[in-house]
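Same order as they appear, the protein sequences are chains A and B. For the first sequence, the working numbering gives the first residue as 1, with consecutive numbering after it. For the second sequence, the working numbering gives the first residue as 202, with consecutive numbering after it. Some notes on the structure that comes next.
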Amino acid sequence: MRNVIVLPVLLLVVALVANGCIFEPRAAEEPDSETAVPYLDRIDPKNVWDNMQTSLRNIHSPGWEDAILQADFTYIPDSDAESQFPGVFDGWHGEQEVEFIRDFYGTNPVVDVLLRDPEFIVPATSGTEVQWEGVIYDMTVTDQGGAVNRYRGSADITFKVEGNFWFVSIWEDLQGESDPGTSGGVALPTMGVLRGTIASN
Amino acid sequence: MTGPGRTRTRRWQPALLVLLLVPLVLATGLAGAATAQSAPADTTDTAVAEEETSRGLQALSKGLADGAVTQESGTAAADTTDAIDAGPYFQGFDNAPKAGVRADVSKYEYYFELETQLAMREGANASNSFSWSKQTYRRFAKTIEKRNDNLFYTAGRQLPFSLTADGFYDWSADLTDNNAIHRQALSGSVTLRKAEIRTGAFMHRVVATVGVQDENSENRNIGASINEGRATAHLVTSWEITDGINLAGRLYGSGTAGSRGLRTEEESSSAYGDTLGVGAYYDRGWLIGSAVVTRSALDSRYLDWKRGQTGAVDTVGTAYDDQILDEKEIREKTALLWENELQLGRLGLFADVAREFDETSYAKSAQGTRKNHDEWLDLQAALRAGVRDSFVVGYGYSLKWDDQFYQDGSRRGRQNTKRFSADFKWYHTLFRATELLFAMGQDLSQQIPDAVRTAGQNRDQLVTDMSLQMRRSWPRFRTTIIVGWDQRQDVAVSSNQSIQNNVKDSYEVAPRYTWNLAEWLRLSQQYKLWIQYTNWDHPGDRRQDNYNKRGNLNTSLTIDASDRLEVTIEHDYNRRFNASQSGFNPGGGAIYSKDQVQTINNIDLGLKFEAAPGVVFEAATYRKRDGKEFPQSNQLSENYSGELWVGARVNKRWGRTNPLELSAMVKKYNAFGPSVQPTSRDYWVADTWLKWSF
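The following block contains the structure:
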C-alpha cells in the first residue's frame, strides 16, 4: 500500500527534476554596451562596503542585496531616527532591507555618496568576523521632483563570512554627524531617517 | 495660512473632546451593566484587537464557539478567587526598587527602576512602573538620559464590565553639546469593555476608549508638539447560524482632535477613521476556515513640513514661511481574505488567498496619491503515506504593485513584483532513530515596471535548491549529514543592465556528530564544505567565470571535570580560496588560477568554576592565526589575534518574605590583533543590580 503512493510521488518528482525546472525567467535583451556596474569580489569587507557605495551611485539594487547577509542581517537605528519613526525599525532584517533599497531606488533618485570617510582607517581583515567602528558616511539624495536631502552619520558595521564571501551582518547607526563645512555644526540625519521615510510610506 | 500670525493656541480642544465623549463611554458601560443582569459574568479580559484588521472578527467568532467553555471556566475561576473576593478592600501593597549599572564595549549605563503594585478586592489592581537611566557612550561624545513611567489600573471583577485605565510618561534627552534632541510625551486613556452581550441569537462585544496625548519634542533646535484627545468605539457582533458556522460583523470608529505645533507655529489637528468588516467562519472538524472582507478609511488634518515626492522633508530653497503647511491626508484600505483547511483522511489541503488594496492621498505634499496592491495565493498539500513517509507539496503566487500620482500631475508608473514558488518535501524514516529529509524547491521573483516607469527595476531571479538531510540519534551518539545544492540565476532584462547577468551554483556538504564519550566528556565535530561557481552570460574584464571554495573543520571537547568545574576546548580550522578562469585546456575544459588562499587556525579555551553556591568564576581565551597567500604575486601575509577575558557571576538572595537580591556579572576584556579597534583592546563588561522586594 505504501509503495502504491510513495513510488508515483517520487517518480513525479524525478520527472520534474529531469525536466530541469518548473519556472523560467524572462529572456534578457542583448547588452547594449560593455560597461557593467563595477563590483568587486566580496573576498574582504572593504570590497563589500565599496560595492554598496557602487550600488548607491548606480541605483542598482542587486549590488546592495548581494552585499548584505540576507538570512542574518540586522539594522539598528540611532536614537534620533528611532524616535522619529517609532515602531518602523522593529525587526528590521534582510527582508526589510531589500524592500527598502528596492523602494528607494524605485523613486528614481540621484545619489551622490561617500560611504567611507577618507580619514577612516580600514581595519585589517582577520578571521571570519570583523567590525568597523565609527565609519562616517555622507550621502546626498535628489529625488525626481528636485528635493534635496543629505544624510551623514557614523555607524558600526559588522561583517561576517558566510559560505564563501563576506557580507554586512549588522549596520548600527550611532548618531548623525555634522559637517563643519556646510551644516554649521548641526548634526545631519543618519540613513535611518531615509530608511524610516521610505518604509513608513 | 503660514507665518507667525496664524499661531493660535487650541489646547482646550482635546479636553473638550474628552468631555463630550466621556458620557458616550459611560453610556456604553451602563448598557453593558444593564445587559449583565442576564448575561454571564465577564470572566474574560481578552482585549479586542483594535487594529484595523479582520482578526477581531475571528476572535469574537471563536469566543462565541467557546462560549460554553468560557462560562464553565469562569465558574471554576470564581471558586479559586473567592479568597481574594473577600477580606479587606486593599489586599496587598508591593514595592520593588532596583538599581544597577551596565557596561559594554560601546557604552555604560546607570539605571534605577521602581515597581509598585496595589492589589484590591475582586481582582482590582493598580500598578506603576518607573524607570530612569543615563547612558554614556565610550567612543564618542554622546549622553542620553531617559525617564519613563507606566501606570495601569484594572477594576477586575468589581464592575459588571471591564474597566482599565493607563497613563504613560516618557522623557528622553540627548545631552550632547550642539545636538539638542529631547522628547517628552504624556498620554492616558480609559477603556471600557463588555463581552458576551447576548441579544437573541446575536452575541456582541463592545469596547470604548477615550484618551489624551500631550507630546513636546525638540530636534536640532526645531520644536514639535502634539496635544490631542482621542476616542474610539468598537462593536463586534456575531451570529451562530448553525453549529460550527458563524457570521460576524465589526464596526470601528475613531476620532481625534486637538492641535499640533511645528517650530513656532501651532494649528488645529484632527483625524477621523472607521472600519467595517464582515466575516464568515466555519469549523466542521474536517473543514475549517474563514472568509473576511474589511474596509477602512482615515481622514486626517495636521501641520506638517513641506515634503518631496518620496515623503522626505523638502525645505531646501523654500521660503521660511512656506516650509510648514496644513496637510490633509486621506487613506482608504480594502482587504479580502480567505483561509481554508480541508482534511480528507491522510490528505490535508490548505489554502490561503488574499487581496489588499490601499490608497493614500495628500492635499499639499508633493507625494500626491500613492496606491498599493497586494494579492497572494498559498496552497499546500500534506500526505501521510504509511508510517514511514510523509510528503508536503506547496505552491505560492503573489503580486504586488505600487504606483504614485504626484501632486504636479505627473505619474511615477507602476512597479510590479511577482513571485512564484513551488516546493516539495519528503520525510522518510529509514529505520529506527534514523530519519531522512529530502527537499527541493524553486522560487522565481520578477520585478516588472510598466511602460511609464522607465526607471523601474526590470529583472528576474530564479533560485532552485535541493537538499538531502539525514539524522541519526543513538543514546550517546548523534549525527547529521546535509548535502545541498542551489542555483541562482540573476537576469536583468533591459539591455542597459543585462551585461551583469550570471548564474551561480553553490554546493554544500556538512557532516556533523556529537559523541558523549562519558558522563563527563563530550566530543563534537563538524565539517563544512562550500563551493560556489559563478558563470557570467557575457564574460569580460572583471567578469571572468570563477569559483570559491571554503572548508571548515570545527572540533569541540567539553569536560565536566567535577560538579563545579567545566572546561571547553575548541579548535577551528578554516581554509578558503578563490580562483578565476584563466584559459582552457586542449580538451576544452576550463583552467582556473588561484587568486587567494586563506588559512585560519583558531583555538579557544573556556573555563567555568562554581566557587560557592551562586558564585561562578569564568574565563576564556582564544588565539588565532590568519594566513593569506596570493599565488599570482607570490605574496604572503600573516596576522595573529587573540583575546582574554576573566569574570565572575554572583546571584544571591537574602530573606524569603521581603527578599533582597543581588545579581552581578563583571568581565574584563583584553584583546589584540589587526582588526581590534583601540576601544576594544581593553574594556569592562558588567551588569550588576540590587533589588529589594517589600
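Built from N, CA and C at the ideal position, the CB exists for glycine as well. Everything numeric in this text was worked out from a predicted model, so none of it was measured.
Looking at the C-beta of residue i, does it have a partner C-beta in chain B at a distance below 8 Å?
i	result
Y105 (chain A)	yes
N164 (chain A)	yes
D117 (chain A)	no
I43 (chain A)	yes
F100 (chain A)	no
R152 (chain A)	no
S55 (chain A)	no
I170 (chain A)	no
I76 (chain A)	no
P86 (chain A)	no
T197 (chain A)	yes
G145 (chain A)	yes
A36 (chain A)	yes
D32 (chain A)	yes
Within a Cβ cutoff of 7 Å, which residues of the same chain sit near residue i, ignoring the five residues on either side of it in sequence?
i	result
A232 (chain B)	Bear in mind that a pLDDT of 38 at A232 (chain B), under 50, signals an unreliable position, so the number given afterwards is only what the model happens to contain. Same-chain partners within the cutoff: there are none.
F85 (chain A)	G196 and S200
P879 (chain B)	none
N420 (chain B)	I382
Name the residue from the options whose alpha carbon lies nearest to the alpha carbon of residue i.
i	options	result
F621 (chain B)	B:R612, B:D579, B:D590 and B:Q608	B:D579
D6 (chain A)	B:F592, B:R713, B:Y870 and B:Y312	Note on identity: in this sequence residue 6 (chain A) is Val, with Asp being the wrong assignment. Per the Cα distances, B:F592.
K809 (chain B)	B:T822, B:W627 and B:R826	B:T822
K160 (chain A)	A:T125, A:I136 and A:S33	A:T125
V408 (chain B)	B:E416, B:A425, B:A656 and B:A366	B:A366
T759 (chain B)	B:N802, B:Q581, B:S725 and B:T519	B:S725
A865 (chain B)	B:R826, B:V816, B:F831 and B:G874	B:V816
A640 (chain B)	B:R303, B:D604 and B:G685	B:G685
E34 (chain A)	B:D805, B:G856, B:L891 and B:G741	B:G741
G405 (chain B)	B:D805, B:N420 and B:A396	Residue identity check: residue 405 (chain B) is His in the sequence provided, not Gly. Comparing Cα-Cα distances from H405 (chain B) to each of B:D805, B:N420 and B:A396, the minimum goes to B:A396.
E767 (chain B)	B:I792, B:A820 and B:R776	B:A820
L584 (chain B)	B:K626, B:K565 and B:F606	B:K626
E429 (chain B)	B:R399, B:E468, B:T400 and B:D444	B:E468
I121 (chain A)	A:M139, A:N108 and A:P45	A:P45
Y793 (chain B)	B:A780, B:T800 and B:T889	B:A780
G106 (chain A)	A:D143, A:E119, A:I136 and A:F89	A:D143
T769 (chain B)	B:T756, B:R776 and B:R777	B:T756
Compute the minimum distance between the beta carbon of residue i and the heavy atoms of the ligand FAD, and state whether it is under 7 Å.
i	result
N753 (chain B)	In the structure shown, the ligand FAD is absent, as is every other ligand, since no ligand is present at all.
Within a Cβ cutoff of 6 Å, which residues of the same chain sit near residue i, ignoring the five residues on either side of it in sequence?
i	result
D173 (chain A)	P77, D78, G153, A155, T190 and G192
K335 (chain B)	Y311 and E346
D624 (chain B)	G595 and G642
P832 (chain B)	K795
L730 (chain B)	V710 and G752
T210 (chain A)	What is shown of chain A runs 1 to 201, which leaves residue 210 (chain A) out entirely.
E162 (chain A)	L69
Is the CB of residue i under 8 Å away from at least one CB in chain A?
i	result
V517 (chain B)	yes
T254 (chain B)	Below a pLDDT of 50, predicted positions are generally treated as unreliable, and T254 (chain B), at 40, falls in that range; the measurement from the model is reported next regardless. Cβ-Cβ to chain A under 8 Å: no for T254 (chain B).
V169 (chain B)	What the structure shows of chain B is the stretch from 202 to 895, and residue 169 (chain B) is not part of that stretch, so it cannot be assessed.
D375 (chain B)	yes
Y473 (chain B)	no
I382 (chain B)	yes
S497 (chain B)	no
A513 (chain B)	yes
Y607 (chain B)	yes
Within the same chain, show all residues whose beta-carbon is closer than 8 Å to that of residue i, passing over the 5 residues directly before and after it, in chain order.
i	result
V653 (chain B)	R612, R613, G614 and R615
M321 (chain B)	Y290, F291, Q292, A327, G357 and Q359
Interface residues of the region 747–764 of chain B facing chain A [CB-CB below 8 Å]: If you check each beta-carbon in the region 747–764 of chain B against every beta-carbon of chain A, the ones closer than 8 Å belong to N747, N749, K750 and R751.
In chain order, each beta strand (DSSP E) run of at least 3 residues that lies wholly inside the region 327–371 of chain B: Runs found: 344–355.
Runs of beta strand (DSSP E) lying entirely within the region 794–881 of chain B, each at least 3 residues, in chain order: Correct list: 816–831, 836–855 and 861–873.
Chain A contacts from the region 331–349 of chain B (Cβ-Cβ distance under 8 Å): Only Y338, R340, F341, K343 and I345 from the region 331–349 of chain B bring a Cβ to less than 8 Å from some Cβ of chain A.
Completely contained beta strand (DSSP E) runs for the region 295–321 of chain B, where each covers 3 or more residues: Complete beta strand (DSSP E) runs here, min 3: 308–321.
Complete beta strand (DSSP E) runs within the region 581–631 of chain B (minimum length 3 residues, chain order): Given a length threshold of 3 residues, each whole run of the beta strand (DSSP E) inside the region 581–631 of chain B is given here in chain order: 590–606.
Ranges of the beta strand (DSSP E) found wholly within the region 47–90 of chain A, counting only runs of at least 3: Runs of the beta strand (DSSP E) inside the region 47–90 of chain A: 74–76.
The region 125–143 of chain A: positions lying closer than 8 Å to chain B by Cβ: Under the 8 Å Cβ criterion, the region 125–143 of chain A contributes T125, S126, G127, T128, V130, Q131, E133, G134, V141 and D143.
Ordered list of beta strand (DSSP E) runs contained in the region 703–748 of chain B, each at least 3 residues: List check, beta strand (DSSP E) in window: 703–719 and 722–737.
Near-chain A residues of the region 728–740 of chain B (beta-carbon distance less than 7 Å), N- to C-terminal order: Within the region 728–740 of chain B, the qualifying residues are W731, Q733 and H739.
Where the region 571–588 of chain B meets chain A: residues whose CB sits under 9 Å from a CB there: Taking 9 Å as the Cβ-Cβ cut-off against chain A, the residues of the region 571–588 of chain B that qualify are R571, L584, A586, G587 and V588.
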